[in-house]
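Keeping their order, the protein sequence lines are chains U and Y. Mapping of the first sequence onto the working numbering: residues 1 to 358, in sequence order. Mapping of the second sequence onto the working numbering: residues 359 to 716, in sequence order. Ideal placement from N, C-alpha and C gives every residue a C-beta, glycine not left out. Data block below; observations after.
2 protein chains.
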Amino acid sequence: MAIRVPENPIITPEMVTPSAPNMEVIGAFNPGATYYNGEVILLLRVAERPLMEDPNKVGVPMLDVESDSRRLKILEFPVQSPHIDLTDPRAVTFEGRTYLSSISYLRIARSKDGANFQVDPEPALFPATPYEEYGIEDCRITVIEGVFYISYTAVSRYGICVGLASTHDFKTYKRHGLILHHENKNAVLFPRRINGRYTLMHRTGASALNGPNMWLAYSPDLLHWGDHQFFMEPRTHAWDARRIGAGAPPIETPEGWLMVYHGVNPKDGYCAGVALLDIENPHHVISRSENALLMPEEDYEVSGFFERVIFPTGLVPIDTNGSLMLYYGVADRSVAVAKTSIRELIACARDEVMLLVV
Amino acid sequence: MAIRVPENPIITPEMVTPSAPNMEVIGAFNPGATYYNGEVILLLRVAERPLMEDPNKVGVPMLDVESDSRRLKILEFPVQSPHIDLTDPRAVTFEGRTYLSSISYLRIARSKDGANFQVDPEPALFPATPYEEYGIEDCRITVIEGVFYISYTAVSRYGICVGLASTHDFKTYKRHGLILHHENKNAVLFPRRINGRYTLMHRTGASALNGPNMWLAYSPDLLHWGDHQFFMEPRTHAWDARRIGAGAPPIETPEGWLMVYHGVNPKDGYCAGVALLDIENPHHVISRSENALLMPEEDYEVSGFFERVIFPTGLVPIDTNGSLMLYYGVADRSVAVAKTSIRELIACARDEVMLLVV
Numbered sequence: 001m002a003i004r005v006p007e008n009p010i011i012t013p014e015m016v017t018p019s020a021p022n023m024e025v026i027g028a029f030n031p032g033a034t035y036y037n038g039e040v041i042l043l044l045r046v047a048e049r050p051l052m053e054d055p056n057k058v059g060v061p062m063l064d065v066e067s068d069s070r071r072l073k074i075l076e077f078p079v080q081s082p083h084i085d086l087t088d089p090r091a092v093t094f095e096g097r098t099y100l101s102s103i104s105y106l107r108i109a110r111s112k113d114g115a116n117f118q119v120d121p122e123p124a125l126f127p128a129t130p131y132e133e134y135g136i137e138d139c140r141i142t143v144i145e146g147v148f149y150i151s152y153t154a155v156s157r158y159g160i161c162v163g164l165a166s167t168h169d170f171k172t173y174k175r176h177g178l179i180l181h182h183e184n185k186n187a188v189l190f191p192r193r194i195n196g197r198y199t200l201m202h203r204t205g206a207s208a209l210n211g212p213n214m215w216l217a218y219s220p221d222l223l224h225w226g227d228h229q230f231f232m233e234p235r236t237h238a239w240d241a242r243r244i245g246a247g248a249p250p251i252e253t254p255e256g257w258l259m260v261y262h263g264v265n266p267k268d269g270y271c272a273g274v275a276l277l278d279i280e281n282p283h284h285v286i287s288r289s290e291n292a293l294l295m296p297e298e299d300y301e302v303s304g305f306f307e308r309v310i311f312p313t314g315l316v317p318i319d320t321n322g323s324l325m326l327y328y329g330v331a332d333r334s335v336a337v338a339k340t341s342i343r344e345l346i347a348c349a350r351d352e353v354m355l356l357v358v
Numbered sequence: 359m360a361i362r363v364p365e366n367p368i369i370t371p372e373m374v375t376p377s378a379p380n381m382e383v384i385g386a387f388n389p390g391a392t393y394y395n396g397e398v399i400l401l402l403r404v405a406e407r408p409l410m411e412d413p414n415k416v417g418v419p420m421l422d423v424e425s426d427s428r429r430l431k432i433l434e435f436p437v438q439s440p441h442i443d444l445t446d447p448r449a450v451t452f453e454g455r456t457y458l459s460s461i462s463y464l465r466i467a468r469s470k471d472g473a474n475f476q477v478d479p480e481p482a483l484f485p486a487t488p489y490e491e492y493g494i495e496d497c498r499i500t501v502i503e504g505v506f507y508i509s510y511t512a513v514s515r516y517g518i519c520v521g522l523a524s525t526h527d528f529k530t531y532k533r534h535g536l537i538l539h540h541e542n543k544n545a546v547l548f549p550r551r552i553n554g555r556y557t558l559m560h561r562t563g564a565s566a567l568n569g570p571n572m573w574l575a576y577s578p579d580l581l582h583w584g585d586h587q588f589f590m591e592p593r594t595h596a597w598d599a600r601r602i603g604a605g606a607p608p609i610e611t612p613e614g615w616l617m618v619y620h621g622v623n624p625k626d627g628y629c630a631g632v633a634l635l636d637i638e639n640p641h642h643v644i645s646r647s648e649n650a651l652l653m654p655e656e657d658y659e660v661s662g663f664f665e666r667v668i669f670p671t672g673l674v675p676i677d678t679n680g681s682l683m684l685y686y687g688v689a690d691r692s693v694a695v696a697k698t699s700i701r702e703l704i705a706c707a708r709d710e711v712m713l714l715v716v
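What follows is the structure, given as structure tokens:
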């Protein structure tokens, strides 16, 4: 069970000032989440698109990789062209080449109570490499040995890859390059070594032989990954029938690694559900919720930039009794949060009905 | 320049006994190549398909992953079904799921002179893990610190991934798991560390944002890979206009890393060409042949299981003057070899015309 807070949506694009005067913020969503220095920190994915003076043109923002100043440039395409495809609101395809209709970067939002947030005036992690030309998306924050590791989706003409950055203070960030090649996203680190190896879950792309599936990989140093092992795929007729991917970084419990993940089915859209993985061998899935934990129901979850999306990305403890705040992106537009607990999430993973003790 | 030997094709499926009485060998091609113990060793990709008694059925061979005995099983599908797609001879698609029409494994062929080969009676590396369920394909052999490392394509219901194995003697082999996740193939190791790091070139799959491209990755231990960097893509209007991928393991020369790779264009099919990469920073491409080194011209290159394919996979030195045997698969059916040299390959990479000194 997870109870939405009355403040939802807790962050909307209107709370974010654009990174430049010629841009507008169309999304502030899918946040990495952690606790640091007395505050809940969200690393929002902020999506911006250019303000266009000419209504007959669509603008495509991207990092100007030829420039040393790391500025954005705007490509302009004629809306009426027979060579343009604007069917998917997230993309612009012109003369056979596909771009993104907005550029994303990471920006901090801070809160003392976990529900009322203030957004920093400046970006935290802005595109800066050729692999981030089209943006930085959907990060997750995992604390490992006292360091905040930020795994994120790096999008560019070279494809959709996984980048890694780290910080000690959410003021300066160190980039560690691409840890997974194209096509991969939704990579989430476990918070400690398992049998001596750092562990990552990741989600590969689709091809002729299979759809996008969830895998584990292992590393001696967090930078180099190998021993890739498939571990979860969509289940026909369930809430995660069409597509799945990691959600929040897993939490260690006596019952196993507790993992909130996302699943998609044609009827409900993107939902959140729960799985329990074996502590010593997370490749072994102990149980997986038959029903979703959260389905798009509220207005802010149903309507937005992309309809019917609950996209869980972070779990933050709020007391020592196992109470948790589950942060999730809604409708590719805003951020919402629901209160839950380790006990309730384990019950969900096992499909147990919990008696409410008031 | 590369001169085909008169013995071509040097290996054909007819030279290979099937691995079981109910199978037929339809391909012996795309070999890893090296020199060991006084012999040229080829690790052939042998492709087999089941002999079917009923002409109305097509058989799909695969590893029986549920069985402990590592045997093959044959799925049978009705040829006349409205739910079957046999358009691509390499695949069988039934009720929306795609399988391979044959299963591949690795088998040794040996030669004293590099042109006349004997094929071992038994497979060398046969599918044995769930990730090899549909076969082991297109290996490359790189000698690193005295060990023969075999990078190969592992195909299964989980996708097209890169596996790594090693051997000291071509009698026993050790598997090192999947070093790259789905979708990736044509991964080729450099023969030594570069600036302290082992180096790999690999070829990602296609997606909405880009086609299959060549990348480099780096490793401290050959097992875990990171810092992925894009370095080569197809060139419009050249012999490698449509598709590219690594060929033989690179050779260190005073002019740079010499790399024979494959490219595809609609007119000629799969060709071999040459590139020179900077020794200290192979990410920097010094030059790339404007013309192909070898194009499908001979009957055995033009006709076979898949038409018009020259697929270079191994270079073996045959003297101390830089003479080389270039081994390549032809038409997804057989193996051919051409004599060349380091000097000639460098000239090809630079598009220099060489005067023949007779």
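Consider the Cβ of residue i: report whether some Cβ of chain Y lies at a distance smaller than 8 Å.
i	result
U:Asn184	yes
U:Asn265	no
U:Val358	With a pLDDT of 48 at U:Val358, under the threshold of 50, the predicted position of this residue should be treated as unreliable, though the coordinate-derived value follows. Answer no: the Cβ-Cβ gap between U:Val358 and chain Y never drops below 8 Å.
U:Gly178	This sequence places Leu at residue 178 of chain U; Gly is not what is there. Judged by the 8 Å Cβ criterion, U:Leu178 is in contact with chain Y.
U:Ser207	yes
U:Asp227	yes
Which chain U residues sit within Cβ distance under 8 Å of residue i?
i	result
Y:Thr562	Gly159, His181, His182 and Glu183
Y:Met679	Inspection of the sequence shows that residue 679 of chain Y is occupied by Asn rather than by Met. Neighbours of Y:Asn679 on chain U: none; closest Cβ ~38 Å, over 8 Å.
If you draw a straight line from the C-alpha of residue i to the C-alpha of residue j, how long is it?
i	j	result
Y:Tyr516	U:Ser289	23 Å
U:Leu209	U:Asp169	43 Å
U:Leu200	U:His228	9 Å
U:Ser44	U:Gln118	Correcting the residue type first, residue 44 of chain U is Leu in the shown sequence and not Ser. The straight-line gap from Cα to Cα measures roughly 11 Å.
Y:His582	U:His181	13 Å
U:Leu51	U:Ser156	22 Å
Y:Met359	Y:Leu682	11 Å
Y:Val716	Y:Pro364	With a pLDDT of only 48 at Y:Val716, under the threshold of 50, the placement of this residue in the model should not be trusted, and no figure is reported.
U:Thr340	U:Arg70	41 Å
Y:Glu480	Y:Pro413	29 Å
Y:Met653	U:Glu183	31 Å
U:Gly177	Y:Glu411	54 Å
U:Ser334	Y:Arg601	40 Å
U:Leu75	U:Ala187	30 Å
U:Thr34	U:Asp319	14 Å
Y:Leu400	Y:Gly390	6 Å
U:Ala28	U:Arg90	14 Å
Y:Asp422	Y:Phe484	12 Å
Y:Ile668	Y:Cys629	5 Å
Y:Arg362	Y:Gly605	17 Å
Y:His441	Y:Val450	11 Å
Can you confirm whether residue i, when its beta carbon is compared against all beta carbons of chain U, has any partner nearer than 8 Å?
i	result
Y:His595	no
Y:Asn568	yes
Y:Thr456	yes
Y:Asn553	no
Y:Arg571	Correcting the residue identity first, residue 571 of chain Y is Asn in this sequence and not Arg. Output row for Y:Asn571: interface = yes.
Y:Phe664	no
Y:Asp709	no
Applying a beta-carbon distance threshold of less than 9 Å, which residues of chain Y neighbour residue i?
i	result
U:Pro220	Pro578, Asp579, Leu581 and His582
Given that residue i touches chain U, what residues does it touch there, using C-beta distances under 7 Å?
i	result
Y:Trp615	Residues of chain U passing the Cβ test: none, with the nearest at roughly 20 Å.
Y:Phe588	Tyr158
State whether the segment 228-245 of chain U contacts the segment 255-268 of chain U, with contact taken as three or more CB pairs (one from each stretch) at a distance under 8 Å.
-> yes
Where in the segment 114-178 of chain U do unbroken runs of the alpha helix (DSSP H), each at least 4 residues long, occur, reported from the N-terminal end onward?
-> none
Are at least three pairs of beta-carbons, each pair with one atom in the segment 648-664 of chain Y and one in the segment 701-710 of chain Y, less than 8 Å apart?
-> They touch, by the three-pair rule.
Three or more beta-carbon pairs under 8 Å between the segment 455-472 of chain Y and the segment 486-497 of chain Y, yes or no?
-> yes
Going along the chain, which unbroken runs of the beta strand (DSSP E) with 3 or more residues stay wholly within the segment 642-696 of chain Y?
-> 643-646, 668-675 and 681-688
Would you check if the segment 143-159 of chain U and the segment 180-192 of chain U touch, i.e. whether three or more CB-CB distances between them fall below 8 Å?
-> yes
Would you list, in sequence order, the uninterrupted beta strand (DSSP E) runs of no fewer than 3 residues that lie entirely inside the segment 612-647 of chain Y?
-> 614-623, 627-635 and 643-646
Report yes or no: do three or more beta-carbon pairs, one from the segment 87-96 of chain U and one from the segment 8-27 of chain U, lie closer than 8 Å?
-> no
Ordered list of beta strand (DSSP E) runs contained in the segment 12-88 of chain U, each at least 3 residues | 23-36, 39-50, 57-63 and 72-78
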